[in-house]
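Colleague:
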Amino acid sequence: MADSMQPLCVHWEKVAVGVASSPQVLTLRRLAVPLFRAADAQLARLEPMRAAAVRLMQHRAMQDVRKAAHSAAAALTGLFSSEAPASAPPFAAAWGVVAAAVGGGATDAAHAWDAAAVHAAESYKAMGVLLACASADACASTGAAVRSGAAAVAATALTGAPCVESLSGRDFTGGDGAARLQTRLCAALSACPSPLVVFDSLDVADVPVVTVLINVLSEAGNLQANGDSVPAAGAAFVFPVELPDAVATAADGSGGREGFERAAKNALTARMLSGVDAAVASAHGGGVTTGEEAAAEASRVAAEVGVLVRALRRRLDVVLPVA
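Residue 452 is where the sequence shown starts when you use our numbering, and the numbers rise one by one after that.
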């Protein structure tokens, strides 16, 4: 320890050594040493506070450095990539594409989209968009419009990244369907951090495929590829599904936007669960021979699938009508 940091009583002892041991000096020394020792005790109590203050200042300095580095990185990203500037609303490009494709169905949905987009960005999740279509033709034409619009946006990107992906629930059936879907999604997310994925035929997707979509659309959602995590935050998934009754509810307008979204999600849930019957249950359970056993197995499978379907519908952030 440096001499200046030594206790006060030690300094006093050093001074007293060089002074003649007169009765006055000895008396002064006897009186002063306890006082200096008491002062040393008080200083010792203050030392942890001083050390904590130093650590706090160092921590704040590191925070300032991190903030400065983050700001610099954001500025460079805006200059050298196709991503929107940091000041732009989250999922702004996706909204432009979807709103143009949907047309009139997006007229009063901008506020709902913005709120959902902010929540998705803050939760580091992909955005789920359900397009409730009046007919199969409406689904097909709107899906095509979303694809072409996203492709046009991607064509203007400086990186030339393929920021649109077309998928269908009908293409990922069988035992390896979920694995093939995960491979496609990992490739899309790796090629472009913010792809717009158009996923047709969600209502007929196999249960393992639904599980993959739940993972992607969850908060801090990600997929695994070769042992590495591939984050899905920033992606937008568009699901065109034929739900005519929900579109009629939107046209009626009596229930407002909340009533329409609830009707659309209820209709989607019913369609996704409609295929869970005795035959499907038999295929899953094996060994079912009687009608009573088949019915019991169907009920069990329906309950399990129902949990997954409801988990998926909770992750759909915005619902838009397509007349």
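Beta carbons: idealized from backbone N, C-alpha and C, even for Gly.
1) Just tell me which of 670, 770, 648, 771 has its CA closest to the CA of residue 636.
2) Return the first residue and the last residue of the alpha helix (DSSP H) that residue 781 is part of.
3) Flag this pair as yes or no: are the beta carbons of residue 578 and residue 568 separated by less than 8 Å?
4) To the nearest whole angstrom, what separates the beta carbons of residue 691 and residue 614, a pair I think is in contact under 8 Å?
5) I need the boundaries of the alpha helix (DSSP H) containing residue 623, first residue and last residue.
6) Taking DSSP as the reference, what is the three-state secondary structure of residue 690?
7) Going by DSSP in three states, residue 637 sits in which element: helix, strand or coil?
8) Comparing C-alpha positions only, which one of 544, 717, 488, 721 sits nearest to residue 561?
9) Which term fits residue 680, buried or exposed, when burial requires 16 or more other beta carbons within 10 angstroms of its beta carbon?
10) Can you tell me which of the three DSSP states residue 682 falls into?
11) Our contact map puts residue 708 next to residue 588 with C-beta atoms below 8 Å; I'd like the distance itself, whole angstroms only.
12) What first and last residue would you give for the alpha helix (DSSP H) that runs through residue 673?
13) For residue 646, collect the residues of the same chain with a Cβ closer than 7 Å to its Cβ; drop the 5 residues on either side in sequence, then sort them by chain order.
14) How far does the beta strand (DSSP E) with residue 579 in it reach, from first residue to last?
15) With H, G and I counted as helix, E and B as strand and the rest as coil, what does DSSP make of residue 837?
16) Assuming residue 571 and residue 771 are in contact, meaning their beta carbons sit under 8 Å apart, how far apart are those beta carbons, in whole angstroms?
17) Which residue or residues does DSSP assign as beta-bridge partners of residue 650?
18) By how many angstroms is the C-alpha of residue 747 removed from the C-alpha of residue 669?
Modeller: Taking the structure as given:
1) Among 670, 770, 648, 771, the Cα nearest to that of residue 636 is on 648.
2) Nothing about residue 781 can be read from this structure; the chain reaches only from 452 to 774.
3) In contact: residue 578 and residue 568 (Cβ atoms closer than 8 Å).
4) The pair is not a contact, with the Cβ atoms about 19 Å apart (cut-off 8 Å).
5) Unbroken run through residue 623: none, as it is neither H nor E.
6) Reduced to three states, the DSSP call for residue 690 is strand.
7) Residue 637 falls in the helix class under three-state DSSP.
8) Minimum Cα-Cα distance from residue 561 among the listed residues 544, 717, 488, 721 corresponds to 544.
9) For residue 680, the number of other beta carbons within 10 angstroms of its own is below 16, and it is reported as exposed.
10) Three-state DSSP puts residue 682 in a strand.
11) Contact flag wrong, Cβ pair sits at about 25 Å.
12) Note, residue 673: premise wrong, no alpha helix (DSSP H); beta strand (DSSP E) at 673 to 676.
13) If we look at residue 646 and ignore the five residues flanking it on each side, its Cβ neighbours are 614, 615, 616, 639, 640, 686.
14) Annotation: the continuous beta strand (DSSP E) that includes residue 579 extends over 578 to 584.
15) Look at the range of the chain in this structure, 452 to 774, and you will see that residue 837 is not part of it.
16) Residue 571 to residue 771, Cβ: 15 Å. No contact.
17) Residue 650 pairs with 618.
18) So the alpha carbons of these two residues sit roughly 31 Å apart.
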